[in-house]
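Residue numbers for the sequence shown follow our numbering, beginning at 39 and rising by one. Working notes, structure below.
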Amino acid sequence: MTEPARRAMPWWGVIRVLAVAAAGAVVVGGVSVAADLSGPPRQQPEAAVVDLVGDTQLACPGIELAGIAGVPDVPVAATVTAVQAPREVVPRTQFGSLVLTAGATSTTAEPGVGARLKVTGASPVLVAAAGPAAAATVARQTWQVDRDGLAGLTSLACGSPLEEVWLLGGGAGAGRLERLVLVNPGANPVTARIEVHGAAGLIAAAGSEVTVPPRSRLARLLDAVAAAEVSPAVRVRTNGGGLVAALADTYQKGSQALGVDTTSPTAPAAATQLIPAVVTSGAASVRILVPGRQEAVVGLRVLGAAGLVQVPSGAPVTRVSGGSVVDVPLRGLTPGTYAVEVTADVPVLASALGATARTTGGELTWSTATPALRSFAGAVIESPAAAPQVSTLHLVAREEIAEVTVWTVLGGKVSSVRERLGPDRVTSLPVTGDSVWVTVSSGSVHGAVAHRTPSGGVSVVPLGAPAVTSSQASALWDPVPGFRP
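So, in structure tokens, the structure goes:
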């Protein structure tokens, strides 16, 4: 089996993140057991205790529908927004610097407010943070399209470079295209091996090796090598540094728009995976990949606001051959947002595709499995005027009651509310403002934010955890601001 994806070695040194101690959790032996969540609230919400040193760099792909030779660009304007956790979440004396750069254009954040940059074309975006709040930085790229049979919303968390990632998304059919985008924000070229797996295992003819120049991006049309694969899963392994990877999925049938979305890497392989937010009008599917050689026996549980959900189509135990991919359909669900737990006897990877209806056509939304939150995590919720969005935070506590504090920030003003999360159920909280942050006091918590537009666009973004490392300095990063595609 493959090793879990590893974070690229950053150059800023050591970052230490420690969670504040919390009261012991009450263990509940299943979703059918009633849990008493009425305990007295604490007098003060708990913040994360953090000692942050150095710099953080994130990268956003830029417009995924541009920059591939022989494929017409789709004119789209995206907004990249970056923010840092407020002092109430991560106590410190100052914010430090936060700069967004795309090609020759850059913008600097106002302390405590964040920064935003409008992006067109194939230029990736670099998010460079320095100072005490560097590792408490999250960023999001968002855009919507509605033209010539192509419509929908995509919203993607900007990521840190990784040496190995898996992207589970896309499908087959006329009018469906998948575009793989690799971004190298470092100072040295990075060579990557691309593999595509499907229902029958590794697709040897689809493999390739590419080199991404420094401070640049490379885009490939997946359909050029695996157009007939109904359940593609892409593996990217690097040599000489890390890359930020994204997979864009667009679907249209003639003039009918069936949706767009961009997925980021799913959580590293594990025997248990949790997808915290799957948005659907009634039908969804779970994509499962076994990265190792041994066959996996896989079971699914679907969780809703009240706990375990009985799926009319069933969620059967599934056997998945080593190296292959299986899509498990979930039909007959009541429209809403669900969590899906995937368990197996060997490590697996998982994502889910939710389908929602629009006035004309449909929307597809990919949701990745996520690791449990550590001390704190956050997400950008501000939406550009060109793509107004309503956002909902979805939290799932596994197996036991969990205690969290949810913080929202609007124009530098911070509000907070304490929540006790029932086990094995989805807790949904509408959120507004510039950003949302969650600090975990007790329990195992997974989270994501779902964004919706008035026209029916839907996109799900997992909560971003702080950058944590104990690595020594590396020459991978270029400390001089600048990002030239």
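The beta-carbon is built from N, C-alpha and C at its ideal position, and this holds for glycine as well.
Contacts around residue i, its chain only, beta-carbon distance under 7 Å, and the 5 residues preceding and following it disregarded
i	result
Val109	Leu259
Gly169	Gln132, Phe133, Gly134 and Ser135
Val452	Pro124, Glu126 and Trp445
Ser497	Leu191, Thr192, Ser193, Asp299, Thr403 and His489
Asp184	Ser493
Ala142	none
Gly68	With a pLDDT of only 29 at Gly68, under the threshold of 50, the placement of this residue in the model should not be trusted; the figure read from the coordinates follows. Closer than 7 Å at Cβ, skipping near neighbours: no residue.
Residue nearest to residue i in terms of C-alpha spacing, selected from the options
i	options	result
Thr403	Arg185, Ser319 and Lys451	Ser319
Ala488	Leu281, Val428 and Gly224	Val428
Ala390	Leu206, Ala286 and Gly245	Leu206
Gly209	Ala142, Ala264 and Asn226	Ala264
Gly100	Ala286, Ser269, Ala262 and Pro426	Ala286
Val499	Val128, Ser144, Ala120 and Ala315	Ala315
Gly279	Val476, Ala230, Gly481 and Gly361	Ala230
Val335	Leu312, Ala308, Ala382 and Leu371	Ala382
Ala104	Gly213, Lys156, Arg458 and Leu256	Leu256
Pro409	Ser293, Pro199, Thr398 and Ala388	Ala388
Ala172	Gly159, Gln179, Leu96 and Thr143	Leu96
Leu467	Glu247, Ala309 and Leu433	Leu433
Val349	Phe414, Val366 and Leu155	Val366
Gly485	Val469, Ala308, Ala415 and Asp472	Ala415
Pro251	Val469, Ser405, Val282 and Ala417	Val282
Ala177	Ser497, Cys98, Ala321 and Pro149	Cys98
Gly245	Gly236, Ile232 and Ser254	Ile232
Ala140	Arg130, Gly159 and Ala225	Gly159
Val228	Arg253, His235 and Val234	Arg253
Arg273	Ala266, Leu200, Asn226 and Ser293	Leu200
Pro385	Asn226, Ala407 and Glu247	Ala407
Val221	Gly495, Arg463, Glu102 and Ser359	Glu102
Val474	Glu247, Gly152, Ser293 and Ala308	Gly152
Ala463	Gly471, Val469, Leu346 and Leu371	The residue asked about is misnamed: residue 463 is Arg in this sequence, not Ala. When each option's Cα is compared against that of Arg463, the closest is Leu346.
Arg217	Val355, Ala107, Val418 and Thr470	Ala107
Val114	Thr145, Ala309 and Val157	Val157
Thr398	Thr356, Gly471 and Ser293	Ser293
Assigned exposure category for residue i - 16 Cβ within 10 Å defines buried
i	result
Gln290	buried
Gln132	exposed
Pro162	buried
Arg331	exposed
Leu344	According to the sequence provided, residue 344 is Ala. The question's Leu does not apply to it. Classification of Ala344: exposed, given that the 10 Å Cβ count is below 16.
Leu312	buried
Glu401	buried
Ala503	buried
Gly197	buried
Gly361	buried
Ala395	exposed
Asn277	exposed
Val324	buried
Asp93	buried
Sheet register partners of residue i (DSSP bridge)
i	result
Pro500	Ala486
Asp184	Ala189
Val324	Val366 and Ala390
Arg154	Thr119
Cys98	Val163
Val478	Val442
Gln311	Val380
Ala230	Val248 and Thr276
Glu420	Note: Glu420 sits in no beta bridge, so no partner.
Pro468	Thr430
Asp93	Ala168
Thr139	Ser144 and Leu164
Cβ neighbours of residue i in the same chain (closer than 6 Å, five flanking residues each side left out)
i	result
Leu215	Asp261 and Thr288
Ala435	Leu459, Pro461, Gly481 and Val483
Val234	Ile241, Ala244, Ala264, Pro270 and Val272
Ser405	Ile313, Ala315, Val316, Ala390 and Val498
Val328	Ala334, Val358, Gly360 and Val386
8 Å CB neighbourhood of residue i in its chain, flanking five on each side removed
i	result
Val476	Leu411, Phe414, Ala415, Gly416, Leu431, Leu433, Val442, Thr443, Val444, Trp445, Val483, Gly485 and Leu501
Val248	Leu220, Thr229, Ala230, Ile232, Leu256 and Arg258
Is the segment 293-304 close to the segment 237-244, with three or more CB pairs under 8 Å? With the cut-off at 8 Å, the segment 293-304 and the segment 237-244 do not touch.
Counting pairs of Cβ atoms below 8 Å between the segment 188-203 and the segment 287-300, do you hit three or more? Remark: three or more beta-carbon pairs, one from each stretch, lie closer than 8 Å, so the segment 188-203 and the segment 287-300 are flagged as touching.
Is the segment 420-427 touching the segment 114-126, taking contact as three or more C-beta pairs under 8 Å? The answer is yes - the segment 114-126 touches the segment 420-427, with three or more Cβ pairs under 8 Å.
Count the CB pairs spanning the segment 371-381 and the segment 337-357 that are closer than 8 Å, and state whether there are at least three. A contact exists between the segment 371-381 and the segment 337-357.
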